[in-house]
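Numbering-wise, the numbering used here puts 403 at position 418 of the sequence shown, and it's gapless, one number per residue. Each residue gets a CB set at the ideal place from its N, CA and C atoms; glycine is no exception. In this text, all values refer to a predicted model and were calculated from it rather than measured experimentally. Below is one structure, written out as structure tokens, with a few remarks after it.
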Amino acid sequence: MTAALKQVDLVISGGLLVDPERIVRNSIAVNNGRIAAIGPADEMPPAKESLDASGLYVLPGAIDVHVHFREPGFSHKETWTTATQAAAVGGVTTVFDMPNTNPPTSTPEAVAQKIEIAQRQAIVDFGVYGNIGEHNTDQLRAMAEAGAVSFKLYMGSENPLVPCPPDGAILDAFEVLADLGIRCTVHAESTPILTWRGERLLKSGRTDAAAHLEQHSDIATVEGVSRTGIFAEWTGCKVHIAHESTRHSLPHIRFAKERGVDMTVETCPHYLLLSTDDGARLGPNFLRVKPPVRESGHREPLWQALLDGTIDILSTDHAPHLQAEKKRPSIWDCAPGFPGVETSMMLMLAEVSRGRLTLPQYVRMASAAPAKAFGLYPRKGALSVDSDADIVLVDMKRQGFIRAEALHSIGNATPFENFPILGAPVRTLVRGRTVALDGKPVGHPGWGRNVVAAG
Ligand code: DOR
Ligand code: ZN
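In structure tokens, the structure reads:
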């Protein structure tokens, strides 16, 4: 096969290729942005450029289906350029951006506007979520035609830009998406519980961090997950549960899957690696995120669920805010969320080094599973012939510490400050072109493409 290839653009030789099943030493030929051949080094075609990956692992780029890149509307927190630079350095080659921007991504015009902004700035590939609202269920088809990769339902929302639609509209939206065959990502919390409890806690004068956990009690998530499963079962809509935070959801997720509901689920490094105990280190308000980082007893069951496949996907919920926005005295004024797209792979590689999971398991949850869930596989999420050459070279001996000041996001308020690192991405390629090298972004804004349009 490979003998038929004349000269290719690039050969990466001598690395250990990781897929969800195994690790194999092999070389990769890349041509016109795609993988042209995989095999022993001596079978590779001649190449214009060659990279020696001896001593390195070769992974498909991570696909982060949950990021907030903030433009349009909040460019003081992040821009598409800074965010995709952070992604590239972090080994992430495709991102899906959430619609809680300003304007929110709730119309075909807003979808087109965001794609245009992203197209100008992005150095990695991207997808754009359309938002489901009370009044736009008749526009979802047009939003998909405008290039939305998927849709987001804020079932639990206190944000007036993306309010939670009534159940009737949710049902309508699920019917439309079932028809279109598009998976819907759900922020699965109960808005009635959040608003009722939020008002009660505010009136009582509480401003402490524990009030945030009381408002976002586990039951708010359990109810949201369970209701999502019921609506998905009824309509046939494929659903994706965003940022799973509580062990109490796990039986409900398993029950939905057993019933045949096409439900995928993600969790994020902050739910796996942090707990309320970290409030003492960070200042308790800093830890605020929706849904919350909970007590330490949730971490082990979430890890187990991720390893046994109950939770399918690792995402980040990259939600950058300025340090000052995270350090306000009242919990209600403290911006929720953290940057994550640059640190996720490093944090998980440190867990691989610790024996918590294997590299093939990491590739399954970070690359293969998200690509499969959102219809990108095997063009993305795989190292196979004809796949996009979205490739990350990883050095498992690279050591260091996570430092906010070294991150590329504008809102660099990471909760992982000083976390020790053992293993890091050292080169990231998107469609065959190097976009990050040794911790520095080198890709050109405009190289990133919308995964929907890319053929
Ligand atoms: O903590 C969060 N931050 N949860 C969300 O749902 C939104 C996000 C943000 O955009 O900051
Ligand atoms: Zn989010």
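{"Query": "Mind the definition here: the region 174 to 193 touches the region 88 to 107 only if three or more C-beta pairs lie below 8 Å; say whether that holds.", "Result": "no"}
{"Query": "For the beta strand (DSSP E) that Arg412 lies in, which residues bound it at each end?", "Result": "405 to 415"}
{"Query": "Do you know offhand how far Gly294's Cα is from Ala304's?", "Result": "25 Å"}
{"Query": "Taking only the alpha-carbon atoms, compute the straight-line gap between Arg266 and Ala356 and give it to the nearest angstrom.", "Result": "36 Å"}
{"Query": "Compare the C-alpha of Phe59 against each of Tyr362, Ser300, Glu310 and name the closest.", "Result": "Glu310"}
{"Query": "State the beta-bridge partners of Met248 as determined by DSSP.", "Result": "Val224"}
{"Query": "Any chance you could list the beta strand (DSSP E) runs of at least 3 consecutive residues sitting entirely within the region 145 to 205, in chain order?", "Result": "169 to 172"}
{"Query": "Does ligand 1 have a heavy atom nearer than 7 Å to the CB of Ala304?", "Result": "yes"}
{"Query": "Could you check the C-alpha separation between Asp297 and Ala158 for me, to the nearest Å?", "Result": "24 Å"}
{"Query": "Is there contact here, the region 401 to 414 with the region 375 to 386, by at least three beta-carbon pairs under 8 Å?", "Result": "yes"}
{"Query": "Among Gly40, His228, Val(-7), which has the Cα closest to the Cα of Lys382?", "Result": "Gly40"}
{"Query": "Taking the runs of the beta strand (DSSP E) that are 3 residues or longer, which of them lie wholly in the region 12 to 86?", "Result": "19 to 24, 32 to 37, 42 to 45, 47 to 52, 77 to 82"}
{"Query": "Would you please state the rounded distance, in angstroms, between the beta carbons of Leu392 and Ala47? I believe it to be under 8 Å.", "Result": "Not confirmed; about 16 Å, so no contact."}
{"Query": "Would you kindly work out how many angstroms separate the C-alpha atoms of Leu368 and Asp380, rounded to a whole number?", "Result": "18 Å"}
{"Query": "Within its chain, find whatever has a CB closer than 8 Å to the CB of Ile23; leave out the 5 residues flanking it on each side and keep chain order.", "Result": "Leu2, Asn11, Ser12, Ile13, Ala14, Leu368, Ser369, Val370"}
{"Query": "Opposite Ile385 in the DSSP bridges: which residues?", "Result": "It is Gly, not Ile, that sits at residue 385 in the sequence shown. Gly385 is bridged to Ile406."}
{"Query": "If you draw a straight line from the C-alpha of Trp432 to the C-alpha of Trp65, how long is it?", "Result": "12 Å"}
{"Query": "Measuring only from the beta carbon, is His53 closer than 7 Å to any heavy atom that is part of ligand 1?", "Result": "yes"}
{"Query": "If we call anything under 8 Å between Cβ atoms a contact, is Leu272 one with Gly264?", "Result": "yes"}
{"Query": "For my contact list, Asp423 and Val415 are in at a C-beta cut-off of 8 Å; report their separation, rounded to the angstrom.", "Result": "Asp423 to Val415, Cβ: 16 Å. No contact."}
{"Query": "Near Ala127, what residues of its chain come up, given a Cβ to Cβ distance below 7 Å and the 5 sequence neighbours on each side ignored?", "Result": "Pro93"}
{"Query": "Could you pull the start and end residues of the beta strand (DSSP E) that Ile238 belongs to?", "Result": "Careful: Ile238 lies outside any beta strand (DSSP E), inside the alpha helix (DSSP H) at 235 to 243."}
{"Query": "At a cut-off of 7 Å, would you count Met83 as near ligand 2, judging by its Cβ distance to the nearest heavy atom?", "Result": "yes"}
{"Query": "Quick check on DSSP: helix, strand or coil for Arg10?", "Result": "strand"}
{"Query": "The alpha helix (DSSP H) that contains Ala358, what's its start and end?", "Result": "354 to 358"}
{"Query": "Grab me the residues of Ser315's own chain with a C-beta within less than 7 Å of its C-beta, minus the 5 sequence neighbours each way, in chain order.", "Result": "Thr192"}
{"Query": "Any heavy atom of ligand 2 inside 7 Å of the beta-carbon of Ala227?", "Result": "yes"}
{"Query": "With a Cβ-Cβ cutoff of 8 Å, do Val109 and Val134 count as a contact?", "Result": "no"}
{"Query": "Terminal residues of the continuous alpha helix (DSSP H) containing Val337?", "Result": "329 to 339"}
{"Query": "Give me the residue from Thr261, Ala227, Gly214, Glu218 with the minimum Cα distance to Ile238.", "Result": "Gly214"}
{"Query": "Which value, in whole angstroms, describes the spacing of the CA atoms of Trp288 and Glu199?", "Result": "24 Å"}
{"Query": "May I ask you to report which of helix, strand or coil DSSP gives Asn435?", "Result": "strand"}
{"Query": "Can you tell me whether Pro57 sits near ligand 1, meaning its C-beta is under 7 Å from at least one heavy atom of the ligand?", "Result": "no"}
{"Query": "Given Ala32, which residues of its chain have a CB within under 6 Å of its CB, disregarding the five upstream and five downstream residues?", "Result": "Val(-7), Leu(-5), Val(-4)"}
{"Query": "What residues match up with Tyr114 in a beta bridge as DSSP calls it?", "Result": "Ser135"}
{"Query": "Alpha carbon to alpha carbon, how far is Asp373 from Ile178?", "Result": "44 Å"}
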